[in-house]
Amino acid sequence: MDARERLIVGLDVPTIGEAERLVSTLGDDILFYKIGYQLVFAGGLEFARDLAASGKKIFLDMKLLDIDNTVASGVENIAKMGMSMLTLHAYPKAMKAAVEAAAGSGLCLLGVTVLTSMDADDLAEAGYSQDPHSLVLRRAEQARTAGMGGIVCSAEEAAAVREIVGPDMAIVTPGIRPDGSDKGDQKRVMTPFDALKAGATHLVVGRPVVKAPDPRDAARAILSEMVTALWPANR
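For the sequence shown, position 157 (counting from the first letter as 1) is numbered 157 according to UniProt numbering, and the numbering increases by one without interruption.
1) With distances taken Cα to Cα, identify the nearest neighbour of S73 among E100, P192, A212.
2) Measure the alpha-carbon distance for V9 versus K80 and round it to whole angstroms.
3) Looking at the unbroken alpha helix (DSSP H) that takes in K197, where does it start and where does it end?
4) In the structure shown, what three-state DSSP assignment does K96 receive?
5) Cutting at 7 Å between CB atoms, please list the residues of its own chain near L22, excluding the five before and the five after it.
6) CB M83 to CB L65, shorter than 8 Å?
7) Within the same chain, show all residues whose beta-carbon is closer than 6 Å to that of R162, passing over the 5 residues directly before and after it, in chain order.
8) For M83, which three-state DSSP category applies?
9) Return helix, strand or coil for D217, following the three-state DSSP convention.
10) Does DSSP put residue 241 in a helix, in a strand, or in coil?
11) Short check: CB of G150 to CB of V172, under 8 Å?
12) Could you name each continuous alpha helix (DSSP H) segment of 4 residues or more that falls completely within the stretch 103–147, going from the start of the chain to the end?
13) Note the first and the last residue of the continuous alpha helix (DSSP H) segment covering F59.
14) Is the stretch 41–51 touching the stretch 213–227 in the sense that three or more CB pairs, one from each, lie closer than 8 Å?
15) In angstroms, rounded to a whole number, what distance separates the CA positions of R6 and L196?
16) In its own chain, which residues sit with a C-beta less than 6 Å from the C-beta of I78, not counting the 5 before and 5 after it?
17) Report the three-state DSSP secondary structure of G150 (helix, strand or coil).
18) What did DSSP end up calling Y37 once you bin it into helix, strand or coil?
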């Protein structure tokens with residue numbers, strides 16, 4: 001994969017019109033887009049289908065979690081939409097149901113481990129006894145056992161996750177912030193260069209591109225940094 005196949009721009013905007021303008025602005029520089037709750041509830045599923053039909057790759061960030069049958073039914077329909085990636089929370093039963101439902105479809109299922117907006121205090125308040133690092137590794141092992149296509153985790157855990165899941169599973173890292181960027185509500189962040197060096201296969205970048213004065217220049221700067229990180233592997 002080259003840098004364009006590894007950079008996922010989050011279309012974290014409130015309307016389809018804004019998403020369309022952003023995609024038009026970014027043009028051929030960006031191949032991969034994330035569509036999450038905000039845009040989904042503004043008509044984003046049809047927009048996702050249209051983008052996929054136009055040749056773009058779509059990471060549908062739904063973080064599914066429900067009873068097995070409901071998860072399986074949802075995954076079956078999503079697999080028919082032409083999506084490239086889909087997230088669900090990395091709970092063993094849900095992952096097993098999703099993997100069975102997606103079999104043969106080409107849809108890459110990603111297990112969400114611990115949100116990058118959460119730290120140890122947040123986990124303790126939610127009732128978990130483990131720290132973020134330990135919980136991420138446990139869920140990564142469970143995702144590998146379930147046959148998932150990849151993991152969503154902070155870049156801080158990417159190297160340790162790679163040791164657990166082996167060379168073939170995707171490691172998708174949100175919380176990517178170029179040097180000098182505002183962290184916003186993210187607590188476990190890393191630069192694009194460092195994230196790739198740590199073992200990430202895909203980087204999810206939202207606000208540093210979407211909120212930039214010139215989104216295309218911002219995206220190109222990130223791609224350039226990624227190329228620098230990937231170059232030794234491409235020689």
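Cβ coordinates follow ideal geometry from the N, Cα and C atoms, glycine included.
With the given structure in hand:
1) E100
2) 22 Å
3) 192–198
4) helix
5) L11, V13, V210, P215
6) no
7) G199
8) coil
9) helix
10) No statement about residue 241 is possible, as the shown extent of the chain runs from 1 to 235 and does not include it.
11) yes
12) 120–125, 132–146
13) Segment 57–64 is the beta strand (DSSP E) holding F59; no alpha helix (DSSP H) there.
14) no
15) 10 Å
16) L86
17) strand
18) helix
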